[in-house]
Structure formats: C-alpha cells, structure tokens
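Encoded as structure tokens, the structure appears first; notes follow it.
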Amino acid sequence: MRTYHPRRGRLTDDKRNRVADLLTRFGVPATGELDLAALFPGLPVVLEIGFGMGEATAHMAQADPGTGILAADIHTPGVLRLLTLVEREGISNVRVAHGDALELLAEQVPKASLAGVRVFFPDPWPKARHHKRRLVQSPAVSLVVSRIEPGGFLHLATDVADYAALMLDVVNSEPLLHNDYQGFAPRPADRPLTRYEARGCDNGRPVADLVLRRLPT
Ligand SMILES: C[S@@+](CC[C@H](N)C(=O)[O-])C[C@H]1O[C@@H](n2cnc3c(N)ncnc32)[C@H](O)[C@@H]1O
Numbered sequence: 039m040r041t042y043h044p045r046r047g048r049l050t051d052d053k054r055n056r057v058a059d060l061l062t063r064f065g066v067p068a069t070g071e072l073d074l075a076a077l078f079p080g081l082p083v084v085l086e087i088g089f090g091m092g093e094a095t096a097h098m099a100q101a102d103p104g105t106g107i108l109a110a111d112i113h114t115p116g117v118l119r120l121l122t123l124v125e126r127e128g129i130s131n132v133r134v135a136h137g138d139a140l141e142l143l144a145e146q147v148p149k150a151s152l153a154g155v156r157v158f159f160p161d162p163w164p165k166a167r168h169h170k171r172r173l174v175q176s177p178a179v180s181l182v183v184s185r186i187e188p189g190g191f192l193h194l195a196t197d198v199a200d201y202a203a204l205m206l207d208v209v210n211s212e213p214l215l216h217n218d219y220q221g222f223a224p225r226p227a228d229r230p231l232t233r234y235e236a237r238g239c240d241n242g243r244p245v246a247d248l249v250l251r252r253l254p255t
C-alpha cells in the first residue's frame with residue numbers, strides 16, 4: 039500500500055546526480071540488512087519516517103549528537119535538502135534513506151534494533167476513500183513496533199483530528215505499546231516546529247502528540 043504521493047520529473051539531472059553522490063556519503067545501503075553499529079558507531083538509533091524537507095531532522099540531530107538519526111523519505115527534493123544540510127552543517131549523526139520507510143523496516147532494519155521511531159505529520163490523506171493509505175495503521179504499526187527495542191519509544195504527531203483519533207485507536211490496540219499518558223501527550227520539548235506544522239499552526243489547527251513505549255515481549 040502506497041502511503042505517499044508519487045511526484046516525478048521535478049529534479050534536473052544535476053540535482054539527481056547530486057543526490058546520488060551525497061547518498062554515497064550520507065546514505066545507507068539500498069539493499070541488505072543495515073549494520074546500525076557501523077553506520078552510527080556507539081550511538082542509539084532513532085528512525086524518522088517522512089522528514090519532509092528535513093529542517094526539523096537536522097535541528098534534532100544537532101541538539102542531540104548522542105543519538106543517531108536514520109531519516110527516511112521518498113520525496114527526492116526533500117532528500118536533497120536534508121543531504122545538503124548534513125553536508126553543509128557537518129552533521130555526523132544523520133544517515134538518509136531515500137525510499138519507502140515501510141520497505142526499509144521490513145527488509146533492512148533488524149528486529150528490536152531501534153531506540154525509537156518518530157512520525158511527524160504523516161500525509162493526512164483526507165478523503166475517506168484514501169484513508170487506507172494512511173501510514174499510521176495496523177499492520178504498519180506492528181511492523182514499526184517490531185523494530186523498536188524494549189523500552190524504546192514511538193512518537194507520533196498530527197494536526198488532523200480524525201487521524202489523531204485513528205492513531206490513538208491503533209496504538210491502544212497494539213499489545214507491545216504502553217502509553218504513560220493514557221491518551222495524548224503534552225507537546226514534547228524536543229520536537230521542533232516542523233515545516234508542515236508551521237503551516238497547520240497558521241491555520242489554527244491543534245496538534246496531537248502520542249508518545250508510547252515498547253514493552254518487552
Ligand atoms: C506531510 S509531510 C510531513 C513532513 C515533515 N515530517 C514535516 O512535519 O514537515 C509527510 C512526508 O512523509 C513522506 N512519506 C509518506 N509516506 C512515506 C513512506 N512510506 N516512507 C517514507 N516517507 C514517506 C512524504 O514524502 C512527506 O515528505
């Protein structure tokens with residue numbers, strides 16, 4: 039099931055070549071199980087799914103150099119933007135995966151290997167007939183949870199009221215997730231204002247955060 043808008047033909051050949059070049063330095067192998075200890079020596083690793091233009095990712099990485107961030111997005115202009123930030127700012131704790139994060143999780147991320155997973159403002163897919171494309175629903179969440187180590191976290195945020203309600207139902211029915219807050223969490227201090235959120239805030243939409251902990255099996 040595709041959870042993203044396929045957008046093609048927007049990048050020049052120069053930019054595509056630049057993405058390919060930067061990915062050889064700041065990306066991850068496109069196939070095979072990831073060796074997270076080699077990619078992020080000595081660091082716990084947090085996966086961010088759908089980083090958009092990557093400003094919040096770069097900000098969080100710089101604010102917390104003791105955590106490695108595996109940042110996945112399908113959207114090539116955003117991938118180029120984050121790769122450029124990583125190179126320009128000399129950010130050493132970010133690795134970029136260009137592609138579908140659910141495929142990455144299923145095929146390349148070892149089980150119980152992540153210290154946490156962030157999904158900030160996943161595509162809302164507002165039309166009822168497209169709700170099945172929403173990222174945060176079972177069984178995708180079960181896949182995500184299986185890759186988080188016991189004690190690790192899952193942090194979700196959305197400004198779409200019915201998506202927030204769906205997220206709450208999904209996490210409540212996931213037996214390996216514990217919610218310290220019972221319902222929505224107060225806005226965590228470490229979540230920067232993302233580009234998408236800034237637009238939503240302009241329109242006055244409240245944001246719902248969910249912060250869950252992975253239980254031992
Ligand atoms: C609404 S944007 C939010 C971006 C960013 N988190 C923010 O708050 O500004 C959602 C992003 O998720 C990405 N996305 C959707 N499905 C994805 C998937 N399966 N794997 C990786 N990225 C995905 C889209 O390409 C898009 O960049």
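Number 255 marks the last residue of the sequence shown (our numbering); no jumps.
All residues carry an ideal CB built from backbone N, CA and C; glycine is no exception.
- Rounded to the nearest angstrom, the gap between the Cα atoms of Pro103 and Gly90 is 21 Å.
- Secondary structure at Asp200: helix, using DSSP grouped into helix, strand and coil.
- Under DSSP, Arg252 forms a beta bridge with Leu215.
- The three-state reading of DSSP puts Val157 in strand, counting E and B together.
- By the neighbour-count criterion, in which a residue is buried when 16 or more other Cβ atoms sit within 10 angstroms of its Cβ, Pro213 is exposed.
- Within the segment 124 to 174, the runs of beta strand (DSSP E) that reach at least 3 residues and sit entirely inside it are, in chain order, 132 to 136, 152 to 158.
- Each residue's CA atom was taken as its position, placing Lys165 and Ser176 some 19 Å apart.
- Taking every protein chain shown into account, the CB of Thr232 has 16 or more other CB atoms within 10 angstroms, so this residue is buried.
- Inter-segment contact for the segment 192 to 212 and the segment 64 to 83 is absent: fewer than three beta-carbon pairs are separated by less than 8 Å.
- Leu85 and Arg243 have their C-alpha atoms some 26 Å from each other.
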